[in-house]
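K.L.:
Numbering (the numbering used here), first residue to last: 23 to 203.
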């Protein structure tokens with residue numbers, strides 16, 4: 023998912039510019055993998071420079087907003103931003119709005135919520151990398167049942183991610199994904 027976000031941000035920036043990564047929280051395996059995937063994708067463009075990648079948002083949107091405000095000078099010179107989960111994305115969005123930067127800097131976030139989808143519609147966020155909660159639940163239960171029945175099961179299962187933009191927001195596939203229970 024992070025790699026997909028990095029590829030998209032690189033494309034939005036034409037492969038050049040200054041980029042900020044606001045990490046989530048030390049010790050979170052899933053977001054660390056997203057962050058590393060993002061950096062790997064960004065690293066493929068020699069004219070993209072990561073100017074911040076050592077700041078952590080914390081567990082809540084409020085903490086993420088505070089951490090984003092702490093790097094506001096860097097955000098003002100950034101061409102693009104990536105955040106690896108819902109709370110870091112929302113906190114960054116709040117900081118960008120407060121400083122009149124929302125929609126002026128390219129912004130790719132991770133996960134979905136009604137406020138993030140609204141920000142996507144308004145052009146304050148360029149893209150969201152989304153997981154498929156229905157597929158995650160289905161695969162989890164299916165694999166549990168196989169395990170209970172004594173079958174060999176995989177240690178990991180990739181349930182995939184989708185990139186949501188204003189261009190595909192109303193597509194049947196994305197509507198179904200967003201309407202998942």
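Heads up, the beta-carbon is just placed ideally off N, CA and C, and yes, glycines get one too.
(1) On the three-state DSSP scale, how would you describe residue 25?
(2) For residue 96, name the three-state secondary structure that DSSP assigns.
(3) Is the separation between the beta-carbon of residue 64 and that of residue 74 shorter than 8 Å?
(4) Does the stretch 86 to 106 come close enough to the stretch 27 to 34 to have 3 or more Cβ pairs within less than 8 Å?
(5) For residue 109 and residue 86, I'd like the C-alpha separation in whole angstroms.
(6) I'd like to confirm the pairing. Which residues does DSSP put opposite residue 69 in its beta bridges?
(7) Measuring CA to CA, which of 171, 121, 118 and 186 is closest to residue 143?
(8) From what residue to what residue does the alpha helix (DSSP H) around residue 127 run?
(9) Between residue 48 and the rest of its own chain, which residues show a CB-CB distance below 7 Å, the 5 nearest in sequence each way excluded?
(10) By Cβ distance below 6 Å, which residues in the same chain neighbour residue 23 in space, the five residues on each side in sequence not counted?
(11) Who are the Cβ neighbours of residue 155 in its own chain at under 6 Å, not counting the five residues just before and after it?
(12) Taking contact to mean 3 or more Cβ pairs, one atom from each stretch, closer than 8 Å, check whether the stretch 132 to 141 and the stretch 111 to 120 are in contact.
(13) Classify residue 41: buried if its beta carbon has 16 or more other beta carbons within 10 angstroms, exposed otherwise.
(14) Say yes only if the C-beta of residue 27 is nearer than 7 Å to one or more non-hydrogen atoms of the ligand SAH, and no if none qualify.
(15) Taking buried to mean at least 16 other C-beta atoms within 10 Å of its own C-beta, is residue 94 buried or exposed?
(16) Out of curiosity, what's the CA-to-CA distance linking residue 58 and residue 172?
(17) In the DSSP assignment, what are the bridge partners of residue 102?
P.N.:
Result, derived from the coordinates:
(1) Residue 25: helix per DSSP, three-state reduction.
(2) Helix, per DSSP.
(3) Residue 74 sits away from residue 64, with the two beta carbons spaced by 8 Å or more.
(4) Touching, yes.
(5) Going from the Cα of residue 109 to the Cα of residue 86 covers about 7 Å.
(6) DSSP lists 38 as partners of residue 69.
(7) Measuring C-alpha to C-alpha distances from residue 143 to each of 171, 121, 118 and 186 identifies 186 as the nearest.
(8) For residue 127, no alpha helix (DSSP H) segment is defined, and its DSSP state is neither H nor E.
(9) If we look at residue 48 and ignore the five residues flanking it on each side, its Cβ neighbours are 78.
(10) Here the set comprises 56, 151 and 183.
(11) Cβ neighbours of residue 155 beyond the five flanking positions: 202.
(12) A contact exists between the stretch 132 to 141 and the stretch 111 to 120.
(13) Buried, by the Cβ-count rule.
(14) For the structure depicted, the ligand SAH is absent and the ligand set is empty, with no information on it obtainable.
(15) Residue 94 should be labelled exposed.
(16) One C-alpha to the other measures close to 35 Å.
(17) Bridge partners of residue 102: 41 and 128.
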